[in-house]
Each structure stands twice: as C-alpha cells, then as structure tokens.
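What follows is one structure encoded as structure tokens, with my remarks underneath.
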Amino acid sequence: MIQGIGVDLCCISRIGELVKNRRFLQRVFHEEEQDYAFKKPVPARHLAASFAAREAFVKASGLDFFQIVFRGVWIRRFSTGPSIVFSPQIEQWMNKHCLLAHLSLSHDGDFALAFVLLEKR
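Here it is, written out as structure tokens:
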C-alpha cells in the first residue's frame with residue numbers, strides 16, 4: 002500500500018554555485034555522494050539529483066526538512082540504480098512505520114528530478 006509520494010525538481014546550476022561553498026557541500030552531502038559526483042564530468046548534476054531526492058523524501062514522509070537534508074538521508078548509486086540510505090534515526094522511523102522507500106532520479110538540461118514512493122511493507 003502506498004503511504005507517501007514526493008517529487009522534487011532542482012536547478013543544477015544553483016546547486017553548482019552552492020557547492021562552491023565547502024561548508025555547504027560537507028554539511029549537506031554525505032562523503033559517498035561527494036565521491037560519486039566528483040568522479041563525473043558535471044558533479045553538480047549528481048549532487049542536484051541527490052538534493053532533489055532528499056526533498057522528495059521529505060514530501061513523501063512528512064518529516065522535518067532539516068532532519069532529512071542535513072545527513073538524515075543520502076543517495077547511494079548502484080549499477081541497478083540509485084537507492085536511499087538512512088541515518089539510524091530515520092531508519093528506526095522507517096522500521097517503526099514498516100515502510101520501504103523507492104527512488105527514481107533523472108536529469109536533463111539544467112534540472113534534476115527525483116521521485117520517491119513510500120510503501121507499507
């Protein structure tokens with residue numbers, strides 16, 4: 002059963018400007034996301050998709066934005082596609098509510114899009 006849906010669109014060039022600030026980059030993005038993004042030709046494209054995924058998760062879950070954005074959720078890329086990873090606190094909340102998270106990311110031009118669906122187990 003679907004428990005929540007969230008979608009977010011993020012401007013890649015905006016994130017590109019923000020991540021020039023090392024403090025912002027380190028405060029918002031997990032090391033794993035940074036490592037992945039900075040191996041790509043346009044790191045901001047992948048960081049923007051990660052940021053959009055956080056926002057989409059906030060919308061799907063109804064949890065506090067700041068609890069999620071600042072290291073509560075991050076994105077892990079696999080050959081089969083991206084997946085959401087949770088801090089222990091968010092993982093506990095997900096387990097308490099018996100939720101599974103599904104994620105889809107896309108980017109085109111100057112925009113990155115994320116779609117999150119929360120499903121009751």
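Under my numbering, the residue at position 84 of the sequence shown is numbered 85, and the numbers go up by one with no gaps.
C-beta atoms are modelled at their ideal positions from N, C-alpha and C, and glycine is treated no differently.
{"Item": "Over the uninterrupted alpha helix (DSSP H) stretch that includes D9, give me the two end residues.", "Value": "Premise fails: D9 lies in the beta strand (DSSP E), 3-12, not in any alpha helix (DSSP H)."}
{"Item": "What does DSSP give as the partner residues of A115 in its beta bridges?", "Value": "D9, L106"}
{"Item": "Sorted by chain position, which residues of the same chain lie with C-beta nearer than 6 Å to W75's C-beta, five sequence neighbours on each side aside?", "Value": "H31, E34, V86"}
{"Item": "Decide if the segment 63-78 is in contact with the segment 86-104; the criterion is three or more beta carbon pairs, one per stretch, under 8 Å apart.", "Value": "yes"}
{"Item": "Run the CB neighbour count on H47, radius 10 Å, all protein chains shown included, and call it buried at 16 or more, exposed below.", "Value": "buried"}
{"Item": "Would you say L114 and A102 are within 9 Å of each other, going by their C-beta atoms?", "Value": "no"}
{"Item": "Can you check whether the CB of V117 is closer than 9 Å to the CB of V8?", "Value": "yes"}
{"Item": "Smallest Cα separation from I13: which of S51, D65, K60, F79?", "Value": "S51"}
{"Item": "DSSP beta-bridge partners for R78?", "Value": "P83"}
{"Item": "Taking only three categories from DSSP, how would you classify K97?", "Value": "helix"}
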